[in-house]
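Engineer: Here it is: the structure, laid out below.
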Amino acid sequence: MKEDILSYNLEELTERVVALGLPKFRAGQIYRWLHKVGVTSFSEMTDLSLSLRERLDDSFVIFSCSIEKKQVSAYDNTVKYLFSLHDGEWIESVVMEYKYGHTICVSSQVGCRMGCRFCASTLGGVVRNLSPSEILSQVYAAERDLGVRISHIVMMGMGEPLDNFDNVMKFLELITDENGKNVSMRHISLSTCGLVPRIGELADKKLQLTLSVSLHAPNDRLRSEMMPVNRKWGVSQLIAACRGYTEKTSRRISFEYALVRGKNDTPACAEELASLLKGMLCHINLIPVNEVRETGMRKSTPENVKRFESILAAKGFAVTVRRELGSDIDAACGQLRRRARLEQNVENEKP
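Read left to right, the sequence shown gives residues 548 to 898 (the working numbering).
Structure representation (structure tokens):
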């Protein structure tokens, strides 16, 4: 079986290159082609001899993703990709344009096992984890297609990043490597629904990324209804882990709070949230929930959003309302893949 060369760091690649009887400097050349240029085949490595390229092709595979579907917002240039992988599975990524550059939201799994009620990614469950190379390939494919440099990364696409911990950590190592894309760790956000033990492991690594915690409710009753993970690690456990994270890393946590009409957007919920997070180094990001037909959850009204924000701001919290991007292209992850699968099933059932 061919080896996944794109998931190797430079040290690992050097070991494999030497094992093939090649000089060490070849590893640097190959690594540059893979991670600075972003080639998808060995034939593109034009400063290597044809015989060497053929040897590499015999031993290794470059896992890349190809564009299955692409949607571009007419409002804000947000681009939504449905990528196909080498085994026929599909994942989604979104590229957003800001004044400071381009940000990509990447997936870490095919599907998701977490079961959050408001999320389209989890409706079909989890299929498998993505390898480091498959996470990287989303960044590289978007850069190739758009002709831009991706400067910021958010791990908020399909899947729970901390449920694929080792591969995500390897991805972070590779994407921030100064010999490769060299994206600043401070320009990366990682989102979790609250896998408490993994938050502790992440804290121990003391990475300079931003941890975003999908909270969405201030108490166990509401949160357990919306997020099954809360039945294993309740709100008090999660907040304790978050406080431990900020103390160990001195990094501010961003709490994501999706506002659902009549569910968690009341003044009482805002007051309870303020009490829960009192004294913590944090930022609160309010998100009018994405309406997905299957979930039955409706977006909070602008009046309720403003009232919720005002209550938190009055308590001294740094709070923002997320600007909605790509609203005309179903930019929330999971929706495009699910619709494509449904269309595929209908097509397969035709006589």
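Positions of the beta carbon are idealized from the N, C-alpha and C atoms, including for glycine.
1. Ordered along the chain, which non-local residues of its own chain (more than five positions away) have a Cβ less than 7 Å from that of valine 743?
2. Reducing DSSP to helix, strand and coil, say where glutamate 558 ends up.
3. Please go through the same chain and pick out, in chain order, the residues whose beta-carbon is closer than 7 Å to the beta-carbon of alanine 817, but skip the five residues on each side of it.
4. Short check: CB of alanine 821 to CB of lysine 862, under 7 Å?
5. The beta strand (DSSP E) with tyrosine 804 in it runs from where to where?
6. Report buried or exposed for tyrosine 578, applying the criterion of at least 16 other Cβ atoms within 10 angstroms of its Cβ.
7. On the premise that alanine 689 lies in contact with isoleucine 651, defined as a C-beta separation below 8 Å, what is that separation, rounded to the nearest angstrom?
8. Identify whether lysine 627 lies in helix, strand or coil by the three-state DSSP scheme.
9. Of all the options Thr587, Ala621, Leu709, Cys612, which has the alpha carbon lying nearest to the alpha carbon of alanine 750?
10. Taking C-alpha atoms, which residue in Ser771, Ser668, Gly575, Val852 lies nearest to valine 807?
11. Check for me: the beta strand (DSSP E) holding asparagine 714 runs from which residue to which?
12. Taking the CB atoms as reference points, tell me whether glutamate 636 and valine 619 lie closer together than 7 Å.
13. Ignore the nearest five residues each way along the sequence and tell me which others in leucine 597's own chain have a CB closer than 7 Å to its CB.
14. Just mark threonine 561 as buried or exposed, buried being the case when its beta carbon has 16 or more other beta carbons within 10 Å.
15. For leucine 833, which of helix, strand or coil comes out of DSSP?
16. At which residues does the alpha helix (DSSP H) containing serine 783 begin and terminate?
17. Excluding the 5 residues flanking arginine 869 on each side, which residues of the same chain have their C-beta closer than 6 Å to its C-beta?
18. Note down the Cα distance separating glycine 671 from methionine 702, rounded to an integer number of angstroms.
19. Which full runs of the alpha helix (DSSP H) of 4+ residues lie inside the stretch 579 to 623, going along the chain?
20. Quick one: any contact between the stretch 753 to 768 and the stretch 791 to 808, if contact means 3 or more CB pairs under 8 Å?
21. From which residue to which residue does the alpha helix (DSSP H) around tyrosine 687 run?
22. Is it the case that the stretch 625 to 634 contacts the stretch 588 to 606, given that we only count it when at least three CB pairs across the two stretches are under 8 Å?
23. Quick one: Cα of glutamate 748 to Cα of asparagine 556, how far?
24. Hey, isoleucine 609 and threonine 587 are a contact pair by Cβ (cut 8 Å); roughly how many whole angstroms apart?
25. With 16 as the cutoff for other CB atoms within 10 Å, does tyrosine 687 come out buried or exposed?
26. Check for me: the beta strand (DSSP E) holding glutamate 639 runs from which residue to which?
Structural biologist: Considering the structure as presented:
1. Stepping through the sequence shown from its first residue, residue 743 is reached at position 196. Taken in chain order, the residues that qualify are Trp780, Gln784, Leu785, Ala788.
2. For the purposes of this step, residue 558 is taken as the residue at position 11 of the sequence shown. Glutamate 558 falls in the helix class under three-state DSSP.
3. One-based indexing of the sequence shown puts residue 817 at position 270. Hits under 7 Å: Phe855, Ile858, Leu859.
4. Walking along the sequence shown from the start, residue 821 turns up at place 274. Walking along the sequence shown from the start, residue 862 turns up at place 315. Yes; because the gap between Cβ atoms is below 7 Å, this pair is in contact.
5. Within the sequence shown, the letter at position 257 stands for residue 804. From DSSP, the beta strand (DSSP E) with tyrosine 804 extends over 800 to 806.
6. The residue you call residue 578 lines up with position 31 of the sequence shown. A buried status is given to tyrosine 578, since no fewer than 16 other beta-carbon atoms sit within 10 Å of its beta-carbon.
7. Within the sequence shown, residue 651 is the residue found at index 104, counting from 1. Within the sequence shown, residue 689 is the residue found at index 142, counting from 1. 6 Å between Cβ atoms; contact.
8. The residue given as residue 627 occupies position 80 in the sequence shown. Three-state result, lysine 627: strand.
9. Within the sequence shown, the letter at position 203 stands for residue 750. Minimum Cα distance to alanine 750 is reached at Leu709.
10. Within the sequence shown, numbered from 1, the residue matching residue 807 stands at position 260. Among Ser771, Ser668, Gly575, Val852, the Cα nearest to that of valine 807 is on Val852.
11. Translated into the one-based positions of the sequence shown, residue 714 becomes position 167. No beta strand (DSSP E) contains asparagine 714, which is instead part of the alpha helix (DSSP H) from 712 to 722.
12. Working through the sequence shown from its first residue, we reach residue 636 at position 89. Working through the sequence shown from its first residue, we reach residue 619 at position 72. Valine 619 sits away from glutamate 636, with the two beta carbons spaced by 7 Å or more.
13. Taking the sequence shown and counting its residues from 1, one reaches residue 597 at position 50. None.
14. If you number the sequence shown from 1, residue 561 lands on position 14. Buried.
15. Mapped onto the sequence shown, residue 833 falls at position 286. Strand, per DSSP.
16. Start at 1 with the first residue of the sequence shown, and residue 783 comes out as number 236. Residues 782 to 796.
17. Counting from one through the sequence shown, the residue named residue 869 turns up at place 322. Asn832, Ile834, listed in sequence order.
18. As a first step, residue 671 is located in the sequence shown; it is residue number 124 there, counting from the start. As a first step, residue 702 is located in the sequence shown; it is residue number 155 there, counting from the start. In a straight line, the C-alpha of glycine 671 is about 20 Å away from that of methionine 702.
19. 597 to 606
20. yes
21. As a working note, residue 687 is residue 140 in the sequence shown. Run containing tyrosine 687: 679 to 693, per the alpha helix (DSSP H) assignment.
22. Short answer: they don't touch.
23. As a first step, residue 748 must be located in the sequence shown, where it is residue number 201. As a first step, residue 556 must be located in the sequence shown, where it is residue number 9. Cα to Cα, glutamate 748 sits roughly 21 Å from asparagine 556.
24. For this step, residue 609 is matched to residue 62 along the sequence shown. For this step, residue 587 is matched to residue 40 along the sequence shown. Indeed they touch by this definition, with Cβ atoms about 6 Å apart.
25. In the sequence shown, counting from the first residue as 1, residue 687 sits at position 140. By the 10 Å Cβ count, tyrosine 687 comes out buried.
26. As a position in the sequence shown, residue 639 is number 92, starting the count at 1. Note, glutamate 639: beta strand (DSSP E), 637 to 645.
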